[in-house]
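Worksheet for the structure shown next.
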Amino acid sequence: MSTTLVIGASSNSDRYANKAIRSLLAHKHQVVAISKESGQESGIEFLKPLSPLSNIDTVTLYVNPVLQQNYYNYIIDLKPRRVIFNPGTENDEFEQMLMNNGIEPVIACTLVLLSIGDY
Numbered sequence: 014m015s016t017t018l019v020i021g022a023s024s025n026s027d028r029y030a031n032k033a034i035r036s037l038l039a040h041k042h043q044v045v046a047i048s049k050e051s052g053q054e055s056g057i058e059f060l061k062p063l064s065p066l067s068n069i070d071t072v073t074l075y076v077n078p079v080l081q082q083n084y085y086n087y088i089i090d091l092k093p094r095r096v097i098f099n100p101g102t103e104n105d106e107f108e109q110m111l112m113n114n115g116i117e118p119v120i121a122c123t124l125v126l127l128s129i130g131d132y
């Protein structure tokens, strides 16, 4: 089973990152979550930004392009198969950096991909 890293996690159930964690778990995906604030959702404890990780298949972003800059090298070093840019997180500069490193940028909504069985 592949592992998804949610960057920008929130314990607020109204936030899309929170909905994504719950939906990923409901679809039987393994989830790791990073947040600048401590918290948890559905038993997933949020890790601090830039926590050491391995075996990440997918990174799904819920942070704006300016905040993403702090994660460029971190995400590239994780060597995920793909990075999902959810609505509002699109970032041409980072997308190009990912492609240059053999990582697929996906401009999509994690919740929609899961709901249509295309995740």
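Using this note's numbering, the letters of the sequence shown correspond one by one to residues 14 to 132. Each residue gets a CB set at the ideal place from its N, CA and C atoms; glycine is no exception. Quick caveat, the model's predicted, so the values are computed rather than measured.
Pairwise C-alpha distance: residue j and residue i
i: glutamine 109; j: phenylalanine 98; result: 13 Å
i: glycine 21; j: proline 93; result: 17 Å
i: threonine 123; j: aspartate 90; result: 22 Å
i: glutamate 106; j: proline 78; result: 9 Å
i: isoleucine 120; j: leucine 111; result: 13 Å
i: valine 15; j: threonine 71; result: Correcting the residue identity first, residue 15 is serine in this sequence and not valine. Answer to the nearest angstrom: the Cα atoms are 8 Å apart.
i: serine 24; j: serine 36; result: 14 Å
i: glutamine 82; j: isoleucine 129; result: 30 Å
Bounding residues of the alpha helix (DSSP H) (the contiguous stretch that carries residue i)
i: arginine 35; result: 29-39
Residue span of the beta strand (DSSP E) that contains residue i, given as start and end
i: threonine 17; result: 16-20
i: glutamate 117; result: 117-120
Beta-ladder partner(s) of residue i, from DSSP
i: alanine 46; result: Val19
i: isoleucine 97; result: Thr73, Val119
Closest by C-alpha distance to residue i, when choosing among the options
i: serine 5; options: Ile20, Lys49, Pro62, Ala39; result: Nothing can be reported for residue 5: it is not among the residues displayed for the chain, which extend from 14 to 132.
i: valine 44; options: Glu50, Pro62, Thr73; result: Thr73
i: lysine 32; options: Leu111, Tyr75, Pro62, Ile120; result: Tyr75
i: leucine 80; options: Ala46, Gly115, Asn104, Tyr29; result: Asn104
Mind pulling the beta strand (DSSP E) runs of 3 or more residues that sit fully within the segment 48-77? 71-74
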